[in-house]
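Structure first, then comments.
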Amino acid sequence: MKYLDIIVRTIILIIFLAEIFYIIPKVMIPDIIEEFRKAFGKENNNI
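Each residue of the sequence shown is one higher than the last, beginning at 8 in our numbering.
Structure below.
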């Protein structure tokens with residue numbers, strides 16, 4: 008039973024980390040891209 012408990016905890020941890028690394032970039036990357044577009048847009052307008 009100890010091995011099963013360790014395996015289950017490991018699987019839960021992997022799923023938890025995978026969701027964090029999947030959801031956070033999905034939310035953050037569009038904001039980062041938007042900031043880059045604003046920055047490059049201002050530079051292009053000055054030129």
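Beta carbons are placed, not taken as given, at the ideal position from N, Cα and C, and that holds for glycine.
So for residue i, helix, strand or coil by DSSP?
{"i": "Met-8", "result": "coil"}
CB-CB under 7 Å to residue i, same chain, minus the five flanking residues each way: which ones, in chain order?
{"i": "Tyr-3", "result": "The structure shown has nothing for residue 3, since the chain only spans 8 to 54."}
{"i": "Pro-32", "result": "none"}
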